[in-house]
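Single-structure report; data block below.
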Amino acid sequence: MNHPQNNGQVDQLKSRLHQFLEKLESIEPETADLQEIDQLIQLVDELEKQMEQLKTDN
Numbered sequence: 045m046n047h048p049q050n051n052g053q054v055d056q057l058k059s060r061l062h063q064f065l066e067k068l069e070s071i072e073p074e075t076a077d078l079q080e081i082d083q084l085i086q087l088v089d090e091l092e093k094q095m096e097q098l099k100t101d102n
């Protein structure tokens, strides 16, 4: 994991995770609509893809 490319991928993954957490914190459970939930699911899917890519690159 000392490769610059892997470090960049990890940094990108951290950034996406931070975006997910910000989005999650901004949603009001009582008023959340389907679009907001779909956005969260999409972010989770993207995070999962990035994790798998990172695993296969190692």
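Numbering (my numbering), first residue to last: 45 to 102.
All C-beta atoms, glycine included, are put in the ideal place defined by N, C-alpha and C.
Note that the coordinates shown come from a computational prediction; the quantities given were computed from them, not determined experimentally.
Inter-residue Cα distance where the pair is residue i and residue j
i, j, result
"D101", "E92", "14 angstroms"
"L68", "M95", "19 angstroms"
"I81", "K58", "21 angstroms"
"E90", "G52", "16 angstroms"
"N50", "R60", "15 angstroms"
"L84", "P73", "13 angstroms"
"D77", "S70", "13 angstroms"
Bounding residues of the alpha helix (DSSP H) (the contiguous stretch that carries residue i)
i, result
"D82", "L78 to D101"
Sub-8 angstroms separation of residue i and residue j beta-carbons
i, j, result
"F64", "L98", "no"
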